[in-house]
Amino acid sequence: MINDFLHLKLHTIKAILFDADGVLTNGQIIIDSKGEEIKAFHVKDGQFFPFMRYCGFVLGCISGRQSNSLSVRMEALKVPFVKTGVKKKLEAYELFKQTFKLTDEQIAYVGDDINDLKVLRKAGFSATPADGMVQHLYPVDHICESRGGEGVLREVFTMIIEAQDLRSKLEEYIENEL
C-alpha cells in the first residue's frame with residue numbers, strides 16, 4: 000500500500016532513470032579470464048520494461064562503470080537512454096531531462112550509492128534498494144524491500160502502476176501484446 004505522500008509523487012512520474020550496479024545487479028563485478036565483466040540481471044526487472052514503454056514511460060540508465068554486459072542488457076530491453084562510464088551523473092540526468100523534455104517532478108530515480116546522491120536529491124521521486132548505502136546519507140522517498148539485483152526496478156514499476164491506476168492498462172497489455 001502506498002501512502003498519500005508517495006502517491007502524490009508517483010502520480011506525476013513519466014520517466015524512470017536508474018543506476019545499474021547495485022540496482023539492476025547485486026553490485027558484484029565478476030571478471031572472466033579475458034578481462035570481460037560479467038553481471039547478473041534479474042528477470043523480474045526485465046519483464047516489466049516492455050509494459051512501462053507501452054504505457055509511455057521513458058526509461059534510462061546512468062552507470063558510473065563502462066560495461067559491455069550492461070550495454071548488451073540495455074539494448075535487449077530497448078532502453079533509449081543509456082550512459083555508461085559517467086563520472087558526473089547529474090550532468091547525464093540533465094541531458095536526459097532535456098532530451099525527453101521532462102521536469103524533475105516527472106522523473107523517478109533509483110540509485111544506491113554516493114555517486115547517485117545529487118540525482119536522488121533532484122528527481123521528483125527517489126528510491127534505493129534495501130541494501131543501498133544512500134539512505135544513511137540522504138533521506139530518499141522510498142527504500143525498497145528488494146535488495147540490489149533482486150527486482151528493485153520491478154518494485155518501483157509496480158508502485159508507479161498502483162499510484163497511476165494502470166492495472167486496466169496492464170490487462171490491456173497482457174491481452175494484446177503477450
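Read in order, the letters of the sequence shown correspond to residues 0 to 177 in numbering that gives the first Met the number 0.
Note that the Cβ used here is the ideal one computed from N, Cα and C, for glycine as well.
- request: Evaluate the contact criterion for the segment 64-73 versus the segment 97-105: three or more CB pairs, one atom per stretch, below 8 Å.
  value: Output reads no: the segment 97-105 does not touch the segment 64-73.
task: Compare the beta carbon distance of Leu-7 and Gln-163 with 8 Å and say whether it is the shorter of the two.
output: Within the sequence shown, the letter at position 8 stands for residue 7. Within the sequence shown, the letter at position 164 stands for residue 163. No, the Cβ-Cβ distance between Leu-7 and Gln-163 is not below 8 Å.
field: Cβ distance (whole Å) where Gly-59 is taken to contact Ala-122 below 8 Å
entry: Position 60 of the sequence shown, counted from the first residue, corresponds to residue 59. Position 123 of the sequence shown, counted from the first residue, corresponds to residue 122. About 11 Å separates the two Cβ atoms, so there is no contact after all.
task: Quickly, what does DSSP pair Gly-59 with across the bridge? List them, please.
output: As a working mapping, residue 59 is identified with position 60 in the sequence shown. Leu-16, Phe-80.
message: Distance check for Tyr-53 and Pro-79, CA to CA, integer angstroms please.
response: Position 80 of the sequence shown holds residue 79. Position 54 of the sequence shown holds residue 53. Each residue's CA atom was taken as its position, placing Pro-79 and Tyr-53 some 13 Å apart.
- request: Work out the CA separation of Thr-98 and Lys-86 for me, nearest whole Å.
  value: Taking the sequence shown and counting its residues from 1, the one referred to as residue 86 is at position 87. Taking the sequence shown and counting its residues from 1, the one referred to as residue 98 is at position 99. Each residue's Cα considered, the two are about 19 Å apart.
message: Rounding to the nearest angstrom, what Cα-Cα distance links Arg-180 and Lys-33 in this structure?
response: The requested residue 180 is not part of the displayed model; the chain covers only 0 to 177.
Assigned secondary structure, Ser-66 (DSSP; H/G/I helix, E/B strand, else coil): Indexing the sequence shown from 1 puts residue 66 at position 67. Of the three classes helix, strand and coil, the one that applies to Ser-66 here is coil, per DSSP.
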